[in-house]
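With positions in the sequence shown counted from 1, the corresponding number in the working numbering is that position plus 3.
Beta carbons: idealized from backbone N, C-alpha and C, even for Gly.
Just so we're clear, the structure is a prediction, and the values are computed from it rather than from any experiment.
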Amino acid sequence: MKETYCELTVKPSAHPDLFLDFLQTLFPDAIEMTDEALIVRSEEDVTPLIDGVREFAKVLSERTGEEVRVETTVEEKENVDWIAAYREAIRPVEVGAFYVYPSWEAPKAGKRNIQIDPALAFGSGHHETTASCLEAIGRHVKAGDTVLDVGCGSGILGIAAAMLGATVDACDTDPLAVENAAKNFALNDQTPRRIWEGSAPGTKERYDVVVANIVADVLKMIAKDLKARTKEGGLLILSGILDTKEATIEEAFSDMELLETLANNEWRTKIYRQQG
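Shown next as structure tokens:
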């Protein structure tokens, strides 16, 4: 082990999840995500990542029509066991009937235990959007339901639905996420009926419940596909919505019945019913 390591801090003004996805294509090791920043640590030089991050911010600005800024800093630090420190900081999360815990912690008696190690794919229960989706699934998914998890990330939401007795399909455009989700299903003794690389158009079935925890701009882009996959009378659970984007989502899904909005800090989760 070298005496020092490099720590790159990336602070985007918007779309942190998209920046995380981008960094994961460039950097194979774990990336820490805090409320304000993404943190990359390596014994190798991380400065080449900076140009890529800045260029990605420009591309996002062009495609979203909003100014996306990014701040980057690089520090050289003493090489302590930061993996152990990170594990110390990650604690189990309890949401309703679900108890989400990492492999270095123990399950909890009387709960539906989901083992997920925070890793490359988004979704460990710690982020407000994931927690709100788990709450919504706990309330609305029942045994025998068919569920589609769009943008499944770690697979945590599909795993939760499967534990409730639902038949679960899942998809993600990131092949790494698909691989990670499949492993997490197996780790939790659950089996998705089908999991694929891609999005909602990868199936023609209509589901009792469709869940999409992505980001508001992407939800708006794929609104037609999400609606098409939701049965008449079925539910569509949308998350990853910042309060500043709430009106945009309400407009995009105005042809569905809004049943409930869950608020967790600045994040919103919306539950819609498909009307006949």
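1. Short check: CB of arginine 209 to CB of lysine 248, under 8 angstroms?
2. Label aspartate 192 either buried or exposed according to how many other C-beta atoms from any shown protein chain fall within 10 Å of its C-beta, with 16 as the threshold for buried.
3. Exposed or buried, what is glutamine 278 when buried is set at 16 or more other beta-carbons lying within 10 Å of its beta-carbon?
4. CA-CA distance, alanine 250 and threonine 272?
5. List in chain order: all unbroken beta strand (DSSP E) runs of 3+ residues lying wholly within the region 107-161.
6. Using DSSP with H/G/I as helix, E/B as strand and the rest coil, what is methionine 36?
7. Given a cut-off of 8 angstroms on the beta-carbon distance, is the pair alanine 219 and isoleucine 244 in contact?
8. Indicate whether alanine 255 and alanine 215 have their beta-carbon atoms separated by less than 8 angstroms.
9. Taking arginine 66 as part of the beta strand (DSSP E), name the residues at either end of that continuous run.
10. Per DSSP, alanine 266 forms a beta bridge with which residues?
11. Is threonine 251 near the ligand COA, going by C-beta to nearest heavy atom under 7 angstroms?
By the coordinates alone:
1. Here residue 209 refers to the residue found at position 206 of the sequence shown. Here residue 248 refers to the residue found at position 245 of the sequence shown. No, the pair does not count as a contact, with Cβ atoms beyond the cut-off.
2. Within the sequence shown, numbered from 1, the residue matching residue 192 stands at position 189. Counting Cβ neighbours within 10 Å, aspartate 192 comes out exposed, since fewer than 16 surround it.
3. Residue numbering aside, residue 278 sits at position 275 when the sequence shown is read from its first letter. Flag for glutamine 278 reads exposed.
4. Position 247 of the sequence shown, counted from the start, is the residue given in the question as residue 250. Position 269 of the sequence shown, counted from the start, is the residue given in the question as residue 272. Cα to Cα, the separation comes out at about 13 angstroms.
5. 115-118, 149-153
6. On the sequence shown, residue 36 is found 33 positions in, with the first residue counted as 1. If DSSP states are grouped into helix, strand and coil, methionine 36 belongs with the strands.
7. If you number the sequence shown from 1, residue 219 lands on position 216. If you number the sequence shown from 1, residue 244 lands on position 241. Contact flag set, yes.
8. Here residue 255 is taken as the residue at index 252 of the sequence shown, counted from 1. Here residue 215 is taken as the residue at index 212 of the sequence shown, counted from 1. In this structure, alanine 215 does not lie closer than 8 angstroms to alanine 255 by Cβ.
9. If you number the sequence shown from 1, residue 66 lands on position 63. Looking at the DSSP string, arginine 66 is not in any beta strand (DSSP E); the run it does join, the alpha helix (DSSP H), is 51-67.
10. The sequence position of residue 266 within the sequence shown is 263, counting from 1. Bridge partners of alanine 266: Arg271.
11. Summarising the ligand content, the structure contains no ligands, and the ligand COA is consequently not present.
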